[in-house]
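J.: Take this structure first; my questions come after.
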Amino acid sequence: MKFIRKLLFAIILLVIILISIILLTGRIYYINALKTQPLITRVDAITNKENFVKFEDMSADYRNAVISVEDHRFYDHGPIDFIAIGRAIVTNVKKGELQEGGSTITQQVAKNIVFSQDKSWVRKVGEIFAAYDLEKNYSKKEIFELYVNTAYFGDGYYGIYDASYGYYNKAPKDLNLDESSMLAGVPNAPSVYAPTVNPTLAKKRQYHVLNTMLEYGYITKEQAISIK
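By our numbering, the letter at position 99 of the sequence shown is numbered 100, and the numbering carries on one by one without gaps.
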C-alpha cells in the first residue's frame, strides 16, 4: 500500500514538474516574441491603419456569422475556453484524428499579431499568455476588431475591409447574410475555402457557418434555407 502511495505521489509530482516546464517554456517564448515589439505597439499598428474596420462598421450578419463559427461563447468565457478544449479533445478522440481545435478568437488574435504561423506546442502555450494580456488590456469588441482586421481571406486579402471590397465590391457594413456567411468561413483555411479557389468547398463551408448561426439562434431556419 505504501508503495502504491509513493508511486502515485511520484507520478503526480512528475506531472506537476512537466506542466511547470511547459508553462515556463511558453512564457519565455512569449516574452522573447515581445522583445522585438511590445504588444501595445503591435495593436496600435493595426488599429491605426487607414482601412481598419470598427465593430459598428461591420454588418450584424457578419459579426454573428464569425462568432457562431469561430467562438460562439466568445462573450462569456475568458481568454481560454476550457469547455471548447474539452469538447475538441472528445471529438478528436472519437474520430481518431485532429479535426477540431479549441482556440478562442482571442488566442487567434495572439497568433496573428504576436507569433508566426508555426504549429509548435511552444507557440500554442505562448498564445495562452498573450491571450490573457490581450483580455486584460482590451475589450471583447476591440479583440473582435483585431481578429477580423488581421485574418487572411485568401486571394491576397488581409482583413475584412479588403475581403469585402475584393470579393463583393462593398463596405463591410453592407454585407448581407449570404456574403457574410461566406466570408466568415474563409479564414479557417483560406487556400481551401476562398470562393475564387474552390467554389464547391467554399459553399460547403458556408453551409456549416449557416448551420452554426441557426444552432445559436442568430438566424431562422427559413433564412438558412433561403441561402442554401
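Think of the CB as a built atom: it goes at the ideal place given N, C-alpha and C, for glycine as much as any other residue.
Predicted, not measured: the structure shown is a model, and the values here were computed from it.
How about serine 182 and valine 149: are their beta carbons less than 8 Å apart?
T.: Not closer than 8 Å, so no.
J.: Identify whether tyrosine 162 lies in helix, strand or coil by the three-state DSSP scheme.
T.: Helix at tyrosine 162.
J.: Return yes when the C-beta of isoleucine 47 is under 7 Å from any heavy atom of the ligand GTP, and no when it is not.
T.: With respect to the ligand GTP, the structure offers nothing, as it holds no ligand at all.
J.: Can we say the stretch 126-141 touches the stretch 153-160, given the rule of at least three CB pairs closer than 8 Å?
T.: The answer is no - the stretch 153-160 does not touch the stretch 126-141, with fewer than three Cβ pairs under 8 Å.
J.: Expressed to the nearest angstrom, what Euclidean distance is found between the alpha-carbon atoms of isoleucine 228 and leucine 178?
T.: Roughly 8 Å separates the two Cα atoms.
J.: According to DSSP, simplified to helix, strand and coil, what is tyrosine 217?
T.: Here tyrosine 217 sits in coil by DSSP.
J.: DSSP puts tyrosine 153 in a beta bridge; with which residues?
T.: In DSSP, tyrosine 153 forms a bridge with Tyr159.
J.: Assign lysine 36 to one of three DSSP states: helix, strand, or coil.
T.: Here lysine 36 sits in helix by DSSP.
J.: Taking valine 126 as the reference, which of Ile226, Lys7 and Tyr31 has the closest Cα?
T.: Among Ile226, Lys7 and Tyr31, the Cα nearest to that of valine 126 is on Tyr31.
J.: Taking the straight line between their C-alpha atoms, what separation do you get for threonine 42 and valine 54?
T.: Each residue's Cα considered, the two are about 18 Å apart.
J.: Would the stretch 58-70 count as touching the stretch 134-144 if we require 3 or more Cβ pairs under 8 Å?
T.: Flag = no, the stretch 58-70 and the stretch 134-144 do not touch.
J.: Do you know how far the Cα of arginine 64 is from the Cα of glutamate 101?
T.: Here the model assigns glutamate 101 a pLDDT of 48, short of 50, so the residue's position is not dependable, and the following value carries that caveat. Approximately 22 Å, taken between the alpha carbons.
J.: How big is the Cα-Cα spacing for proline 188 and leucine 15?
T.: Using only the alpha carbons, I get a separation of about 39 Å.
J.: Between the C-alpha atoms of valine 198 and glutamine 207, what's the straight-line distance to the nearest angstrom?
T.: One C-alpha to the other measures close to 14 Å.
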